[in-house]
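Some notes on the structure that comes next.
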Amino acid sequence: MKKILLLLFIITACTKRDIYYPSYNFFEQYSPTEIELKKLTFKQLKDSILNQLERNIHSFITIQEGSNIYKISPHVYVRGFVREMNGLEISNDSILISSERYPLTQLEKWLKRHYENNGDSEFLAFSSKRAFVKLILEDDASAELVKKSILRIVKGFEKTQIIGKDDISLRIRLESPIELQETIPPPPIN
Numbered sequence: 028m029k030k031i032l033l034l035l036f037i038i039t040a041c042t043k044r045d046i047y048y049p050s051y052n053f054f055e056q057y058s059p060t061e062i063e064l065k066k067l068t069f070k071q072l073k074d075s076i077l078n079q080l081e082r083n084i085h086s087f088i089t090i091q092e093g094s095n096i097y098k099i100s101p102h103v104y105v106r107g108f109v110r111e112m113n114g115l116e117i118s119n120d121s122i123l124i125s126s127e128r129y130p131l132t133q134l135e136k137w138l139k140r141h142y143e144n145n146g147d148s149e150f151l152a153f154s155s156k157r158a159f160v161k162l163i164l165e166d167d168a169s170a171e172l173v174k175k176s177i178l179r180i181v182k183g184f185e186k187t188q189i190i191g192k193d194d195i196s197l198r199i200r201l202e203s204p205i206e207l208q209e210t211i212p213p214p215p216i217n
C-alpha cells in the first residue's frame with residue numbers, strides 16, 4: 028500500500044502544469060504563435076513581437092521552470108494612447124516609481140499597490156483592468172536575463188495577495204531605456 032501511495036505521489040508531482048499570462052482566455056481568443064527565445068537578444072525579441080503585431084498576430088514565449096511551463100504573451104508599444112502611469116516600471120535591478128528607485132526585494136509590495144491603486148496615487152495605475160508591468164532592459168540583454176526578469180515578475184505576481192486577483196490579467200510590456208540627450212542644445216537664435 029505504501030508503495031502504491033509513493034508511486035501515485037511521484038506521478039502527480041512530475042505532472043507539468045501550463046500557466047498562461049496574461050490569461051488562458053487570451054490564448055484561446057488570439058491563438059498566439061510561439062517565439063523561440065533561446066538565442067534572441069532583448070531587441071530581437073521586441074522586434075519579433077512588433078513584426079507579428081503589425082500583421083495582427085499575437086505571439087508568446089515559453090519559460091519552463093521545474094514542473095511549471097509558463098506561456099507568456101508580452102507586448103510592445105505599437106501606436107495609440109497609453110496612460111504611462113498604468114505601467115509599473117521594472118528594470119533588471121530596481122523598480123522605478125516617479126523619480127524614485129526601489130529594490131526588487133519590494134516587488135510584491137509595489138505590485139499590490141499598483142494593482143489596487145484605483146486612482147489613489149497619481150504615480151500608479153488608474154485601474155487594475157488597465158494596469159500593466161513595463162520590463163525595461165538594455166537592447167543587448169541576453170535571452171537568459173530576459174527569462175530571469177520575466178520569471179521574477181510572474182512569480183512576484185503569483186505571490187502577491189491582490190484584491191480581485193482572479194479578474195486581473197498580468198500584462199507585461201517590453202521596453203528599452205529612454206536615451207537621454209547628453210549635450211545641452213544651443214540657445215535659440217534671436
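Using this note's numbering, read the sequence shown as starting at 28 and increasing by one per residue. Backbone N, C-alpha and C define an ideal beta-carbon position, used for all residues, glycine too. All values derive from a computational prediction rather than experimental measurement.
(1) Taking the alpha carbon of GLN71 as the reference point, which residue from SER154, GLU165, ILE216 and ASP120 has its own alpha carbon closest?
(2) Take ILE189 as the anchor and find which of LYS156, GLU202, LEU172 and SER118 has the nearest alpha-carbon.
(3) List the residues that DSSP assigns as beta-bridge partners of ASN95.
(4) Can you tell me which of the three DSSP states HIS85 falls into?
(5) Assuming ILE122 and LEU134 make a contact with CB atoms under 8 Å, what is their CB distance in whole Å?
(6) Note the first and the last residue of the continuous alpha helix (DSSP H) segment covering TYR57.
(7) What runs of the alpha helix (DSSP H), each 4 residues or longer, lie entirely inside the region 99–173?
(8) Here's a check: name, in chain order, each residue in its chain whose Cβ is nearer than 7 Å to the Cβ of LEU172, leaving out the five neighbours to either side.
Considering the structure as presented:
(1) A check of alpha carbon separations from GLN71 across SER154, GLU165, ILE216 and ASP120 identifies GLU165 as the nearest.
(2) Distances from the CA of ILE189 to each of LYS156, GLU202, LEU172 and SER118 were compared; the closest alpha carbon is that of LYS156.
(3) Per the DSSP secondary-structure output, ASN95 pairs in a beta bridge with ARG44 and GLU92.
(4) Residue state, collapsed to three classes: coil.
(5) Contact flag correct, Cβ pair sits at about 7 Å.
(6) Run containing TYR57: 51–57, per the alpha helix (DSSP H) assignment.
(7) If you keep only unbroken alpha helix (DSSP H) runs of at least 4 residues inside the region 99–173, you get 134–143.
(8) Within the same chain, LEU172 has close Cβ partners ASN119 and LEU164.
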